[in-house]
Structure formats: structure tokens, C-alpha cells
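To start, the structure itself, in C-alpha cells.
There are 2 protein chains.
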Amino acid sequence: MGTPAQQQQQKKPQTAITPTRADDFPGWYQEVIKAADLAENSPVRGCMTIKPYGYALWENMVQIFDGWLKDYGIQNCAFPLLIPVSFLAKEAEHVEGFAKECAVVTHHRLEADGKGGLRPAPSAELEEPYVVRPTSETIIGDSMSRWIQSYRDLPMKLNQWCSVMRWEMRTRMFLRTSEFFWHEGHCAFKDHEGAEKDCITIQDMYEKFFREYLAIPGIKGIKTPDERFPGADQTYSIESLMQDGKALQAATSHDLGQNFAKSCNIKYQDETGQEQFAHTTSWAFSSRVIGAIIMTHGDDDGMIMPPMVAPTQVVIIPVIKADEDPAVMNAANDLAAKLKAQGLRVKVDDRNMRTPDKMWDSIKKGIPLRIEIGAREVAEGKLTHVRRDIGKESKTTETTEEFLGNVKNVLKAVHDNLYQRALDFQNGNIKDVSSVDEMRAYFADEKNIGFVRIDYSAVKDGGVMDAMKKDFAVTTRCLPHADKGQKVLVGRSY
Amino acid sequence: MGTPAQQQQQKKPQTAITPTRADDFPGWYQEVIKAADLAENSPVRGCMTIKPYGYALWENMVQIFDGWLKDYGIQNCAFPLLIPVSFLAKEAEHVEGFAKECAVVTHHRLEADGKGGLRPAPSAELEEPYVVRPTSETIIGDSMSRWIQSYRDLPMKLNQWCSVMRWEMRTRMFLRTSEFFWHEGHCAFKDHEGAEKDCITIQDMYEKFFREYLAIPGIKGIKTPDERFPGADQTYSIESLMQDGKALQAATSHDLGQNFAKSCNIKYQDETGQEQFAHTTSWAFSSRVIGAIIMTHGDDDGMIMPPMVAPTQVVIIPVIKADEDPAVMNAANDLAAKLKAQGLRVKVDDRNMRTPDKMWDSIKKGIPLRIEIGAREVAEGKLTHVRRDIGKESKTTETTEEFLGNVKNVLKAVHDNLYQRALDFQNGNIKDVSSVDEMRAYFADEKNIGFVRIDYSAVKDGGVMDAMKKDFAVTTRCLPHADKGQKVLVGRSY
């Protein structure tokens, strides 16, 4: 019988992750990362170490999207990690938004401190300090000012994959860390039309990438002025709804107008010989998208990896008794080879562990498809497979031949299911309201989650959103393209 | 007739690069980089910007070698960019070798300086400063101390691709810059045998990679104690000879013994339950290898790209008169599609430029194979191609069909020729000497370049090498495996 608390606990289904999403979403999030062995906090304040399984996910994402960028005509390059402080001061709005919390390099040498440790050498203080790049508009703009001479040099489309640093006081792995990984695209065009088209094209690429590879639905829109990138004329974003009902800005493209061109002196001679300022853009998605994957798909048993980018798409667990080793292991390895030949990422879990521990490990890691092969299966030429997104109800035993002919469809079905349930959740959590009062009443109840959709004209002026932010910690997320800029989504966000 | 100086100038063959290698090798090197558009100095002291053509070369190298590392069982991950200063102080020899010249982060915020600029905010001084990683043994060692518990966790094989910073006062693009790109492998093993085997396996991989992909011959050996990595028991290196007769250390693998395991506390429980310190290794090659490619293969007309990693392997130059545009351009594009279908990296140079300018551009960029197609070639179903490594003597006109059947062999021949002539140069510049006096006499003549090979026992003690360094700026490069540790190579180096 036990205490009421114990009784309640007994009633709950057992989950691999404690706490559950319902009990404590942020606590659940941290535990999922730990249980899936994706990353951990490092000894460097606010920075994380991305562990092999987490980094493999990022590498898969990078490889695919980098190919798309190259097809779009992007050229990768590498700009310095450090940025002179004077560069940051060039663009007034930009410095306001970014300069504050940076890692500042002031010395170029250490020396013994006389107490067995090291200290910055006073004789090696830099004349001008540097910051570790928080973003690279200013230093890439400086290069563009030299690389661009004529209209023939335009468009110029550059990108770099790198890490950046913004000193954060309250950090959460993947979502907000002082150092994070991203790509940053920086392009220059002759005119506004070129820059605008670039932003929209890239926004479409982001939405497609999230949909087709991460199984994450995104709402395409533009940001309200107060939520724009510092120094941008227009910010295009993808907003996604996490399972706790908070929005996550998954990717942005910025139309920088001529602001950075003027502060960085990016000029070109046009077809008539006149000097003109270029129009520039910048755009990015970052390793925080891994946080979005966790919070979109994960369940109370842990991570669920979207199959298209999963580091391991199929795990094979040999259910072995000591005297049956060779046949079962041979069958597992043979199956793995056949799956690899289909281009799939496969792993045979041959570790010296109990079978149930291996099963739970694969569940917590979110491997989309788990195969179990025991002696009887081998004898019958069969195998059993279980989908991670559905669990034991999807348990299927079939011949190896049938499975091999169908495995890609099964993985596709996992992907489609993940996307559809995220889309249903998102669509089911957009509340249309017709007045500010109705919006306030909605968010006054903390159980109400997701987006409110309201006429933009109703919240645009008069301090409406200042009050919303102060009272309910909600902000405008975007003006969806689908509503032609007439409506705005309001909600809590990461 | 002109002045004597002008006459002399007229006598020299025209070259695309001024100065020539013979006139001023360092000046030639800088000009090759500029003419090939590989990189440029940045506004950040000692740091370079790698431009798209240079970065594409690096990306090709990364892609290939990363695949090899994964086949070897390496797991990529990402460790923080910053390292606490106290970490550097952990390994005594290591700190002596590395701590001195680093980018030191002392503040986490900027503030307005009242003069329109920004300064580090005094209120945001860090309690403990960080350095931008000069190398990551200490911070990866810290993770390993937590990740490794038992002999079952070993070997642990980690790697990251990143940039690192070592403050340099005298910089040269690719060869010595404050920020440079590299991969750094870090492994832990149960015993000395595991660590030693790892170092040798990786050294073999480096030599094979340089030979098969970069067409650079390398001499495998071990470093003398004074030239080892700070904190290593043994350093294995690949040494290559540049065209000016100076050696370049192209890659190293370090057997760190138990030194870092002890300072970082990397322990494991062995099969008998006893606690043991692990044996660790680290190894790397960096973007300085691009400097080695330039100085191994380049000629007085500029860069020569090794075909296996060349960003563009084949350039097609349509030799166009206005009224023939469509047919020639169509043929060029059709040919490009067929070469791409063979997996080759191809570019049609359709820029609005004079044909000779395009030819010279492709020469200076070092594109291994240049194709010219004009109206007559199109009419006859033929094309003309020229190898970059040989030049106009290799000019061949043949049918498009013949060419398509043979193009991979031609590229292979370019590669083989580049490797063979570099190998001949290297082998032809190793001078065997039988005494220190003979070695001194050799280097006393500045015209004498390359390596001296001498009994290691003759130079090991008694300050012989200190005097050699002081008098002739030469050092021991390595004890070649081929000489079983009995001989040492001595020479000038980068």
C-alpha cells in the first residue's frame, strides 16, 4: 500500500527518464541529454563539451546543409576568431545589441605568478583588445570592402562553419551556452531585391531542412522591429513550438540593408560607373537546433533521433546465450553489412552487457529502429524490430528478407510520424484571439501554452507588448508569411 | 637595347610570379598565395583570412582524412575553445613549452569608454583568466579523467577539427600564423604498447595521406629529445623538404606516456581491479600543410595543385568569338557535365574576360588540367588540353571521346609526376657526412641546402647541436625509421 505519495508513484508508468516532461520539463531536458550521452557541462563557465554521439548528430546536419549551401552558390571560407574591439563599435545598433557580453582578449602572454600558477603578463597587454567573435558581420564586412570593387563581383556569397562566443550568465546545454556552433552566411548584392530574395530563399531552405531532415515543423515569418537582429532592416525567422509550449527561434536570415555596407564601406561601381553601397545579408542556424530536436521529439524514455540525421539509424542487439554466440553474432554482423550496403548507419551492439540494458540504452539514445535477433530468429531466418517513436506496439517479427526490402520505408514512416505529431501539436496550440484583453486572459492562466495569434495592429503600439512581457513573459515571435503580415504570433520562448 | 638592367630582364623567361623562387623564395611564396587567391592577412594581428579557393583545398583534405580517422575508430567531438589558465599549469613541461604566448581572456564584458569607443568593463574582470586553446591536451585530459573508469572504456579515441591560437610575432600565411586550423587526435590506452602502436599507425596514415593525396614525400622518424612536444615521451614526425632546401615538419604524433594521465588524473581499473594510469597520445596536422603544398610543387608561374585535393581539377576555357557563342559554350557545358559524371571537380570559365587572362589565371591558381575549346575544335569533335605541371610541352589535341576515356589517367600522371619530382629533389638533397667537421663545412656554405645525415652518436652530446644552431641556424629534424635510429637528419627548417 505505502504512503499516498508512494501509491501515486506506483500508479505512474515506469519511465527511463526522471523527472518526466509533465513533472519538470527543464529537469527532463537535462536528463535526456545525459542519458543519451550527447553533451556535458565543461569546466569552462557556460561552455559545454559536445560528446561523440551529440557531435555525430551535428556533423550529419552540417554535411547535408553544407551541400545545399554549395548548390546555392555559397563559398566557404575562414575569417579570424578574434575581432578588434573598434570593429564592433562601427555599426551603432549592432554594438548596442552585441558588444556587452563577450570574451575579451587583453593580453598575449602568460607569466609565472610566483605562487606556482600563471597570470597575464603585464608587459604583454594589447594596445587594442579583441573579442572572441560573437558574430562576424563586421570582420567579414571589412573583407568585403576590399573584395568587392565592381558590380561584376556581385552577388558575393560567403559562409563559414565555426563556433562563436557570447558570455551567458544562465546557460542550458545546446539552448544557451557561451560557446556555440553555427554556420554564418554573409552575402552582398547590388540592390534591395537581391538581398530580400536571398533572405527568403535561405528561410525556405531552413524550413525545408527542418521538415525533411529534422522532422521539425517551422512557421516562416518576419520579426517585429524590437525582435530584429541588431543592425538589420528585416529579420526572417523560423519559429517552432516545443512540447512545453514555448517557442524556439530555430534559424534566422537578416536583410541588413545598406547599414553594414555603410559602416564597413562595402561599395561597388555599377554598370554606369557610379559608386554604390552594396546591400548585405547574414543568416544562421546553430547547435541550439539540437535542443529543438530534443524538445520536439523526446519523450519520457529519452531522446528520439529523427532518422535522416540520426548518428545510428538502426541498432542490432544480438540476444545471446553463451553457447549460441557464433550463429547469432554472425547473423547480426551479416545483417549490419546488408543494411550498410543500403547506405544506412547501423551499429551492432556487441558490448558485454545485459540485453535489457542494451535495449534501454538504445531507447534513451533515441535510435529510430531497434532489431533484436536471438537463436530462434536466426534458425527461422527472421528478426524482430521495434520503432523508437511508437515503442512496443510496433514490435514486428518478419523474415530478414522482408525486412531488408522494407527498412527504408520503416525509417521514412518514423520520420513522417515524428513530423506529423509535432505539426499537430503546433497547429493545436495556436489560439486565435480578437482582442488584447482576450490575449491577456489567455496567458494569465499559466496552463495555457503555445502561440496566441492576434491582429498585428492591435499590439503594435501603445506599450501593449511591453506590458505583456512584464506581466506574462511573452513576446512577439513573428508575423507569419501565411497571414500576409496582418497577424502576429505571441508566446513564451527560449 | 636598353640599360644593362633592362637587358638582363629581357633575357629572363617571363614568369607569372615576381620575384621568382631563385630571386627571393619568401617573396615568391607570398606572391603565389596572392596570385592564386588562397588567403590574405587579416586586420587581426598575425591572423589570416582563408579565402574560398584556399578553404576549398582545406575542406577536401579534411573530408578525406576525416574518413580515414573514422575508419580507424576515431570519434569526433567538440571541446571548449577556452581553457582555464590553471589547467595549463598542470603539466610542468607542457606549460614551459606552451603557456607563454597565448591569447588571454580576462574580461567578459565591454562598456563604452566615453570617447565613442569600447573598453573591457572593469566590473567584468574574470576571477580566473582563460586562454584561447593553443592545444587541448589539458582540457581533453580533464574529460577523459571522468569518461574513463575501467579497462572496458579503453582504448578511447577522440578527435576534433578546430582552430587554435598561439601568439606569433613573425608570421607567414599558412606556415606560421597566430590562429591556424588543424585536427587534434587524443587517445588513451591501457599500456605503453597501445600508445606506441597508435603513434606509429597515425604516422603511417599521415605519410600515406601526404603521398597519395598531396603528392608530398615525407620522411618518417622520431624527434630528438630537445625537439619533442612539451610533455611527450616520444614525438613521431613526418619531415618534408621544401624547394628552398628547408625542412617542414608536416605532421606529428606524440606518445605522452603517463605524463598527462598523471597531471589530469586519467585512471582506470584494470582486469584485476587495480587502479592504473592510462597512457595517452596526441597527434595533428594543420593548415600549414597548405604552405608545404605551395613550397613543394609551386613554380615561377604560381601554384600547382595536387590533383587529388585540387578544388578544381579541370578547367574548361571556351575560346569564344562573339558569333560562335552558343556552339562553343554548349560544348564546354556538355563536356563539364560528362567530367562531373566521372566524379571530377570541373569548372567552365565563362567569365567576361580575355582568353589569355583566363589561361594565366588558371595557371596561377595551379589547376592541374586546362582544356581549351574553340569553334574549330567543336566542329571537329576535338579539344586541346594542357597539364599544369609540364606546361605547353604537354599540349595535346584529341577527340573528346578519347579525352573522356583518358582524363583520370592524365590527372594520375600529373599526381605521379609531382610526387616523383619532389621525391627526387628530397633524395638528391640528403648529404651523408662522417664527421661533425664535415657537417659544419657543409652548412658553412650557404648554397648547400637540404639535410645532412650523420651518426646520431656524433651529435648527441657535448653541445654539438647548440653550436650548429647558433652558427648555422640548423637543428636535428628527425631520426629516420629507415636508419633504425642510428642516424639523424640535420637541416634548416620552417
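Quick note, the sequences are listed as chains A and B, same order.
Quick note: the first sequence uses this note's numbering, first residue 10, plus one each step.
Quick note: the second sequence uses this note's numbering, first residue 10, plus one each step.
Cβ atoms here follow ideal geometry from the backbone N, Cα and C, with glycine treated the same way.
The model shown is predicted, which means the values in this text are computed figures rather than measured ones.
Query raised in the report: Name the chain A residues that come within less than 7 Å of Q84/B, Cβ to Cβ?
Result: Those within 7 Å of Q84/B in chain A are P61.
Query raised in the report: By Cβ distance below 8 Å, which residues in the same chain neighbour R179/A in space, the five residues on each side in sequence not counted?
Result: So the list reads R185, once near-sequence residues are dropped.
Report task. State yes or no: is the beta carbon of S249/B nearer than 8 Å to at least one beta carbon in chain A? Result -> Look at S249/B: its C-beta is not under 8 Å from any C-beta on chain A.
Query raised in the report: By how many angstroms is the C-alpha of E68/B removed from the C-alpha of A350/B?
Result: Going from the Cα of A350/B to the Cα of E68/B covers about 21 Å.
Report task. Would you please state the rounded distance, in angstroms, between the beta carbons of F88/B and Y215/B? I believe it to be under 8 Å. Result -> Contact between F88/B and Y215/B fails: their C-beta atoms lie close to 22 Å from each other, not under 8 Å.
Query raised in the report: Do R54/B and S187/B come within 8 Å of each other at the CB atom, strictly closer than that value?
Result: Closer than 8 Å, so yes.
Query raised in the report: Within this structure, are the beta carbons of K276/B and F286/B separated by less than 8 Å?
Result: Remark: C-beta atoms of K276/B and F286/B approach each other more closely than 8 Å.
**Report entry** Cutoff 8 Å: W176/A Cβ touching any chain B Cβ
**Finding:** Chain B contact via Cβ: present.
Query raised in the report: Going by beta carbon distance, what residues of the same chain come within less than 6 Å of S246/A, once the five residues before and after it are set aside?
Result: Within the same chain, S246/A has close Cβ partners K232, Q258, T261 and C487.
Query raised in the report: Between which two residues does the alpha helix (DSSP H) containing T364/A stretch?
Result: For T364/A, the uninterrupted alpha helix (DSSP H) segment begins and ends at T364 to K374.
Query raised in the report: With 8 Å set as the bound, which would you pick, yes or no: does the beta-carbon of G126/B sit closer than that to a beta-carbon of chain A?
Result: So yes, G126/B belongs to the interface.
Query - Classification of G511/B by the beta-carbon crowding that lies within 10 angstroms, buried from 16 upward - result: Within the shown structure, residues of chain B are numbered from 10 to 503, placing residue 511/B beyond reach of any answer.
Report task. Would you kindly work out how many angstroms separate the C-alpha atoms of V468/A and P164/A, rounded to a whole number? Result -> Going from the Cα of V468/A to the Cα of P164/A covers about 37 Å.
Query raised in the report: Is there a Cβ from chain B that is less than 8 Å from the Cβ of C196/A?
Result: No, no contact with chain B.
**Report entry** Reference R462/B, options D480/B, D475/B, K493/B and G472/B, closest by Cα
**Finding:** Nearest C-alpha to R462/B: K493/B.
Query raised in the report: If we cut at 8 Å on Cβ distances, does E188/B have a partner in chain A?
Result: Among the residues facing chain A, E188/B is included, as its CB has a counterpart in that chain under 8 Å away.
Query - Under 7 Å (Cβ pairs) to chain A, residues found in the region 394-418 of chain B - result: Hits within the stretch: zero.
Query raised in the report: If you draw a straight line from the C-alpha of M10/B to the C-alpha of Y38/B, how long is it?
Result: At M10/B the pLDDT is 43, less than 50, meaning the model places this residue with poor confidence and gives no usable figure here.
Query - Proximity test, E188/B beta-carbon vs the ligand NAP heavy atom, cut-off 7 Å - result: What this structure holds is no ligand at all, so the ligand NAP is not there to describe.
Report task. Could you work out which residues of chain B lie near D151/A, taking near to mean beta carbons separated by less than 7 Å? Result -> Close to D151/A, with beta-carbon spacing below 7 Å, are these residues of chain B in chain order: P52.
Query - Supposed contact pair G254/B and I458/B - C-beta distance, whole angstroms, cut 8 Å - result: Contact flag correct, Cβ pair sits at about 2 Å.
Requested in this report: Quick one: measure Cβ to Cβ for I313/B and L427/B, integer angstroms, because I've assumed they're closer than 8 Å.
Outcome: Right, the Cβ-Cβ distance comes to about 7 Å (below 8 Å), so this counts as a contact.
Requested in this report: Verify the CB distance criterion: does A287/A have a CB-CB separation below 8 Å to chain B?
Outcome: It does not; no Cβ of chain B falls within 8 Å.
Query raised in the report: For T115/A and chain B, any beta-carbon pair shorter than 8 Å?
Result: T115/A has a beta carbon lying within less than 8 Å of a beta carbon in chain B.
Query raised in the report: Excluding five sequence neighbours on each side, which residues of the same chain lie with their C-beta closer than 7 Å to the C-beta of Q495/B?
Result: Take Q495/B, set aside five residues on each side of it, and the residues of its chain with a beta-carbon closer than 7 Å to its own are D464 and Y465, in chain order.
Requested in this report: List the endpoints of the continuous beta strand (DSSP E) containing C171/B.
Outcome: M165 to M174 is the span of the beta strand (DSSP E), which, as asked, contains C171/B.
Report task. Could you tell me which chain B residues have their CB closer than 8 Å to the CB of Y139/A, listed as they occur along the chain? Result -> Under the 8 Å cutoff, chain B gives V53 and A112.
Requested in this report: For L119/B, I'd like the list of residues in its chain whose CB is within less than 7 Å of its CB, leaving aside the five on either flank, ordered along the chain.
Outcome: Within the same chain, L119/B has close Cβ partners L127, R128, P129 and A130.
Query - Contact with chain B by L6/A, beta-carbon distance below 8 Å - result: Residue 6/A is absent from the structure shown; chain A starts at 10 and stops at 503.
**Report entry** Contact with chain B by S172/A, beta-carbon distance below 8 Å
**Finding:** Chain B, which has a Cβ nearer than 8 Å to the Cβ of S172/A, makes this yes.
Report task. Go ahead and label K367/A buried or exposed: buried means 16 or more other beta carbons lie within 10 angstroms of its beta carbon, across all protein chains shown. Result -> Answer is buried; the Cβ neighbour count reaches 16.
Query raised in the report: Quick one, which of H103/B, K43/B, T210/B and F189/B has its alpha-carbon nearest W77/B's?
Result: Taking only the C-alpha atoms, the option nearest W77/B is T210/B.
Query raised in the report: Are the C-beta of V71/A and some C-beta of chain B separated by less than 8 Å?
Result: Taking Cβ atoms only, chain B never reaches closer than 8 Å to V71/A, which makes this a no.
Query raised in the report: Count the other CB atoms within 10 Å of the CB of E193/B; is the residue buried (16 or more) or exposed (fewer)?
Result: Under a 10 Å Cβ-count criterion, E193/B is classified as buried, with 16 or more other Cβ atoms of the shown protein chains found around its own Cβ.
Query raised in the report: Using DSSP with H/G/I as helix, E/B as strand and the rest coil, what is D470/B?
Result: If DSSP states are grouped into helix, strand and coil, D470/B belongs with coil.
Query raised in the report: Along chain B, in chain order, which residues have C-beta atoms closer than 9 Å to that of S95/A?
Result: By Cβ distance, chain B contributes G126 and L127.
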